[in-house]
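The block underneath contains the structure these notes are about, expressed in structure tokens.
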Amino acid sequence: MSLIKIIEILAILISAFSGFIEARSKKMDVVGVFTVAFITAFGGGTLRDILLDKRPLFWVTHQEYAILIFLLALVAAPVIRTLRKIASERLIVIADALGLGLFSIAGVSEALIAGMPLFIASMMGVITGIFGGILRDVICNEIPMVLRDGRPYAICSFAGCWMYLLMQKAGVPPDFALWSSALAICGLRLATWVKGIRLD
Amino acid sequence: MSLIKIIEILAILISAFSGFIEARSKKMDVVGVFTVAFITAFGGGTLRDILLDKRPLFWVTHQEYAILIFLLALVAAPVIRTLRKIASERLIVIADALGLGLFSIAGVSEALIAGMPLFIASMMGVITGIFGGILRDVICNEIPMVLRDGRPYAICSFAGCWMYLLMQKAGVPPDFALWSSALAICGLRLATWVKGIRLD
Amino acid sequence: MSLIKIIEILAILISAFSGFIEARSKKMDVVGVFTVAFITAFGGGTLRDILLDKRPLFWVTHQEYAILIFLLALVAAPVIRTLRKIASERLIVIADALGLGLFSIAGVSEALIAGMPLFIASMMGVITGIFGGILRDVICNEIPMVLRDGRPYAICSFAGCWMYLLMQKAGVPPDFALWSSALAICGLRLATWVKGIRLD
Chain Y
-9 MSLIKIIEIL AILISAFSGF IEARSKKMDV VGVFTVAFIT AFGGGTLRDI
41 LLDKRPLFWV THQEYAILIF LLALVAAPVI RTLRKIASER LIVIADALGL
91 GLFSIAGVSE ALIAGMPLFI ASMMGVITGI FGGILRDVIC NEIPMVLRDG
141 RPYAICSFAG CWMYLLMQKA GVPPDFALWS SALAICGLRL ATWVKGIRLD
Chain G
-9 MSLIKIIEIL AILISAFSGF IEARSKKMDV VGVFTVAFIT AFGGGTLRDI
41 LLDKRPLFWV THQEYAILIF LLALVAAPVI RTLRKIASER LIVIADALGL
91 GLFSIAGVSE ALIAGMPLFI ASMMGVITGI FGGILRDVIC NEIPMVLRDG
141 RPYAICSFAG CWMYLLMQKA GVPPDFALWS SALAICGLRL ATWVKGIRLD
Chain C
-9 MSLIKIIEIL AILISAFSGF IEARSKKMDV VGVFTVAFIT AFGGGTLRDI
41 LLDKRPLFWV THQEYAILIF LLALVAAPVI RTLRKIASER LIVIADALGL
91 GLFSIAGVSE ALIAGMPLFI ASMMGVITGI FGGILRDVIC NEIPMVLRDG
141 RPYAICSFAG CWMYLLMQKA GVPPDFALWS SALAICGLRL ATWVKGIRLD
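Residue numbers (the working numbering), protein chains in the order written: chain Y, -9 to 190; chain G, -9 to 190; chain C, -9 to 190.
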């Protein structure tokens, strides 16, 4: 299996996992757990594709991901317990940062292909990276965490999306631009997390 | 008027009615009552059509339903009183179960026509059946009932959608597959309601 | 700069401004302030375009508005303080009423061009006028103000949209129909505000 495929699956699973946890903390049943996990994992990319009018959606052409989340939702309670045991907070933050980088750069690159102007393309990258979590919080009746916790999360995505756009403009090879920007987002996120940096 | 038309109108009215009740319980005005009733009745099908990129939307080609809900919203308070008098809880549950069956099977069959893979098609059926209620609860600032009450509702829809998909695969005549699956959802929902079955 | 351009920018800024205020009152950070302001300003028109399946979206072809809101969000705290000093409540209500009129008539006229039937076209006008505020309140975890405060707001939009539709049918010159209806919505809104009229 290629590296990108592994990271992709990891990013989707981490998103779904954060949906599992929030749904359980709201005492949702198995239907709620699946719905919230699914929306967290695919909400950002789906919103981007609807705004760009792009079809078919990612999870429609790759129904194996939907089925995987479905099967995990059926065993959510023991899955959460096990994952909590083997996954330290550090591991979760690292995987989540990788997911943020990958989702964001996938989003900005899709938007460029669709002919979006630069600022809009950068917004599409951030939307892909953070809107799954926003929709998760809206459906769980919470003010979205990413909009109020004052930690640099969307900002890291935004910075990395611009890095990608500028590298594209400068004629950097596409693959290198993509991977280095995704890693930059991941690194930036981890650095601000380690340092405990907060915005106003 | 054909039987399917009558059930369709009944399903839409029942959905709208549950929107009326929730909007009034939140002390909304006439604008809120109409908006919430409309979203409850058409939200599920509209979300499905946006995901499938299908237009025109059902309520656009059948504006008579929108007008009907508009007129009912103008007289919501007395309408709710009267309906509560003539409609026992049993009648409401039966009509709602009929609506769930009809909406779900309409959703899964639309998704098949649009070429969706099987699992995604079953999800589209469930989305059509339950997302009107989810959007109603989100706009009324509640955690969606269907995601947390632990009663088999989405599950009945899901089971019936697969019954339809398998009958289609097996070459059962389309009309028979459609009606028997819709009735199966309705029957399953009523059986679990009578027995008081709960999920975890 | 043409008059319509000035009003358009004013309407967008006023919507964004109401988003700024609500986001700050929820203690959101700069990401939240931008997101909520953007959704308030463009949410109604975006929802209409998704329902009509029209692309590119307004803010995609006019990215200068997105950039403007972005820059204002960076300085939201002092901006809000300054605007509150120079903008009396009266001025805000007048600008908001102008925005409601302009957004609504833009919406109904887009819907007519897209071939919508009359009642649906009037709904699209109202959606364009009020859904930005509804989405703002949903994301801020509040029951939408416009659905429950009992003040004629959506109703003014609805009445003006029908005035526009009837003038179109009657063969009134398009420009005159557009401007007089937009002004009628604005006037109606201001009149009901001055008189303190409330619905049930």
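Even for Gly, the Cβ is constructed at its ideal location relative to N, Cα and C. Everything numeric in this text was worked out from a predicted model, so none of it was measured.
Taking the straight line between their C-alpha atoms, what separation do you get for Glu12/C and Ile29/C?
Residue numbering aside, residue 12/C sits at position 22 when the third sequence is read from its first letter. Residue numbering aside, residue 29/C sits at position 39 when the third sequence is read from its first letter. Glu12/C and Ile29/C: Cα-Cα distance of roughly 12 angstroms.
If we define contact as Cβ-Cβ less than 9 angstroms, is Val98/C a contact residue for chain Y?
Reading the third sequence from its first residue, position 108 is the one you call residue 98/C. Not an interface residue.
Which value, in whole angstroms, describes the spacing of the CA atoms of Leu47/G and Ile187/Y?
In the second sequence, the residue the question calls residue 47/G occupies position 57. In the first sequence, the residue the question calls residue 187/Y occupies position 197. Near 47 angstroms, if we compare the C-alpha coordinates of Ile187/Y and Leu47/G.
Whether or not the region 141 to 151 of chain Y and the region 51 to 68 of chain Y are in contact is what I'm after, with contact meaning three or more pairs of Cβ atoms, one per stretch, closer than 8 angstroms; do they touch?
Not touching, per the Cβ criterion.
In chain G, what lies closer than 7 angstroms to Ala144/C by C-beta?
Counted from its first residue, the third sequence places residue 144/C at position 154. Under the 7 angstroms cutoff, chain G gives Val21.
Assuming the contact rule is C-beta atoms closer than 8 angstroms, Lys44/C and Ala96/C should be a hit. Round their C-beta distance to whole Å, please.
The sequence position of residue 44/C within the third sequence is 54, counting from 1. The sequence position of residue 96/C within the third sequence is 106, counting from 1. Wrong, their Cβ atoms sit about 12 angstroms apart, outside the cutoff.
As an exercise, report each continuous alpha helix (DSSP H) stretch of at least 4 residues that is fully enclosed by the region 150 to 179 of chain G, in chain order.
none
C-beta atoms of Val128/Y and Ile110/G nearer than 9 angstroms:
Indexing the first sequence from 1 puts residue 128/Y at position 138. Indexing the second sequence from 1 puts residue 110/G at position 120. No.
Could you check whether Gly119/C and Leu90/C sit closer than 9 angstroms to each other, using their CB atoms as the reference points?
Start at 1 with the first residue of the third sequence, and residue 90/C comes out as number 100. Start at 1 with the first residue of the third sequence, and residue 119/C comes out as number 129. Closer than 9 angstroms, so yes.
Using CA coordinates, which residue listed in Val184/G, Ala31/G and Leu102/G is at the minimum distance from Ala8/G?
Position 18 of the second sequence, counting from 1, holds the residue named residue 8/G. The sequence given here places Ser at residue 8/G; Ala does not occur at that position. Sorting Val184/G, Ala31/G and Leu102/G by C-alpha distance to the C-alpha of Ser8/G places Ala31/G at the top.
Distance between Pro134/G and Phe60/G (C-alpha atoms, nearest Å)
As a working note, residue 60/G is residue 70 in the second sequence. As a working note, residue 134/G is residue 144 in the second sequence. The straight-line gap from Cα to Cα measures roughly 24 angstroms.
Could you tell me the distance, in whole angstroms, from the CA atom of Gln158/G to the CA atom of Ala56/Y?
Position 168 of the second sequence holds residue 158/G. Position 66 of the first sequence holds residue 56/Y. Between the alpha carbons of Gln158/G and Ala56/Y lies a distance of about 22 angstroms.
In whole angstroms, give me the CA-to-CA distance for Val116/G and Val21/G.
Reading the second sequence from its first residue, position 126 is the one you call residue 116/G. Reading the second sequence from its first residue, position 31 is the one you call residue 21/G. Straight-line Cα distance between these residues: approximately 28 angstroms.
Range covered by the alpha helix (DSSP H) that runs through Tyr55/G
Here residue 55/G refers to the residue found at position 65 of the second sequence. Taken as a continuous stretch (DSSP letters only), the alpha helix (DSSP H) holding Tyr55/G covers Gln53 to Leu64.
Using the Cα positions of Leu37/Y and Phe121/Y, report the straight-line distance between them to the nearest angstrom.
Taking the first residue of the first sequence as position 1, residue 37/Y is located at position 47. Taking the first residue of the first sequence as position 1, residue 121/Y is located at position 131. If you take the alpha carbons of Leu37/Y and Phe121/Y, they lie about 8 angstroms apart.
Boundaries of the alpha helix (DSSP H) in which Ser78/G is found, first to last residue
Taking the first residue of the second sequence as 1, we reach residue 78/G at position 88. Run containing Ser78/G: none; DSSP gives neither H nor E here.
Taking the CB atoms as reference points, tell me whether Trp169/C and Arg141/C lie closer together than 9 angstroms.
In the third sequence, counting from the first residue as 1, residue 169/C sits at position 179. In the third sequence, counting from the first residue as 1, residue 141/C sits at position 151. Going by C-beta atoms, Trp169/C is not nearer than 9 angstroms to Arg141/C.
How about Ala99/G and Tyr143/G: do their beta carbons lie closer than 9 angstroms?
Locating residue 99/G in the second sequence gives position 109, counting from the first residue. Locating residue 143/G in the second sequence gives position 153, counting from the first residue. Sequence check: residue 99/G is Ser here, not Ala. Taking 9 angstroms as the Cβ cut-off, Ser99/G and Tyr143/G do not qualify as a contacting pair.
Would you identify the three-state DSSP class for Lys(-5)/Y, choosing helix, strand or coil?
In the first sequence, residue -5/Y corresponds to position 5, counting from 1. Reduced to three states, the DSSP call for Lys(-5)/Y is helix.
How many Å lie between Phe10/C and Ile70/C at the Cα?
Here residue 10/C refers to the residue found at position 20 when the third sequence is read from its first residue. Here residue 70/C refers to the residue found at position 80 when the third sequence is read from its first residue. Roughly 8 angstroms between the two C-alpha positions.
What does the alpha-carbon distance come out to for the pair Leu42/C and Gln53/C?
As a first step, residue 42/C must be located in the third sequence, where it is residue number 52. As a first step, residue 53/C must be located in the third sequence, where it is residue number 63. Those two C-alpha atoms are separated by around 21 angstroms.
Of all the beta strand (DSSP E) runs that stay within the bounds of the region 15 to 53 of chain G, which reach a length of 3 or more residues?
DSSP runs (the beta strand (DSSP E)) wholly in the region 15 to 53 of chain G: none.
From this set, Leu81/G, Ile145/G and Ser(-8)/G, which residue's C-alpha is nearest Asp19/Y's C-alpha?
One-based indexing of the first sequence puts residue 19/Y at position 29. For Asp19/Y, the nearest C-alpha among the options comes from Ile145/G.
Contact residues within the region 122 to 135 of chain C, judged by C-beta distance below 8 angstroms to chain G
Ile124, Val128, Asn131, Glu132, Ile133 and Pro134
What residue range is occupied by the uninterrupted alpha helix (DSSP H) comprising Leu125/Y?
Numbered from 1 along the first sequence, position 135 holds the residue referred to as residue 125/Y. Per DSSP, Leu125/Y belongs to the alpha helix (DSSP H) from Leu108 to Ile129.
Residues in its own chain within less than 6 angstroms of Gly33/C by CB, not counting five upstream and five downstream?
For the purposes of this step, residue 33/C is identified with residue 43 of the third sequence, where counting begins at 1. Apart from sequence neighbours up to five positions away, the residues of its chain that approach Gly33/C with a beta-carbon distance below 6 angstroms are Phe121, Gly122 and Leu125, ordered along the chain.
Reduced DSSP secondary structure (H/G/I, E/B, other) of Leu189/Y
Residue mapping note: residue 189/Y aligns to position 199 of the first sequence, counting from 1. DSSP, reduced to helix, strand and coil, places Leu189/Y outside both helices and strands of the structure shown, so it counts as coil.
What is the DSSP secondary structure of Ala144/G, reduced to helix, strand or coil?
On the second sequence, position 154 is the one that residue 144/G refers to. Helix at Ala144/G.
Compile a chain-ordered list of the residues in the region 29 to 59 of chain G whose CB is closer than 7 angstroms to at least one CB of chain C.
Ile40, Arg45, Leu47, Val50, Gln53, Ala56 and Ile57
Straight-line CA distance for Ser5/C to Met106/Y?
Counting from 1 along the third sequence, the entry for residue 5/C is found at position 15. Counting from 1 along the first sequence, the entry for residue 106/Y is found at position 116. Approximately 24 angstroms, taken between the alpha carbons.
Using a Cβ cut-off of 7 angstroms, which residues of the region 100 to 123 of chain C contact any Cβ in chain G, in chain order?
Contact residues of the region 100 to 123 of chain C toward chain G are Met106, Pro107, Phe109, Ile110 and Met113 (C-beta to C-beta distance below 7 angstroms).
Mind checking whether Lys16/C and Cys130/C have CB atoms under 9 angstroms apart?
Position 26 of the third sequence holds residue 16/C. Position 140 of the third sequence holds residue 130/C. Yes.
Applying a beta-carbon distance threshold of less than 8 angstroms, which residues of chain C neighbour Leu189/Y?
Stepping through the first sequence from its first residue, residue 189/Y is reached at position 199. Here the neighbours are Asp19, Val20 and Val21.
Within the 9 angstroms Cβ cut-off, does Thr25/C reach chain Y?
For the purposes of this step, residue 25/C is taken as residue 35 along the third sequence, with counting starting at 1. True, the Cβ-Cβ gap to chain Y drops below 9 angstroms.
Member of Asp139/C, Ile2/C and Leu189/C whose CA lies at the smallest distance from the CA of Asp86/C
Here the question's residue 86/C lines up with position 96 in the third sequence. Closest option to Asp86/C, Cα to Cα, is Ile2/C.
Roughly how many angstroms lie between the CA atoms of Arg14/Y and Val136/G, to the nearest whole one?
Position 24 of the first sequence holds residue 14/Y. Position 146 of the second sequence holds residue 136/G. The alpha-carbon atoms of Arg14/Y and Val136/G are separated by roughly 14 angstroms.
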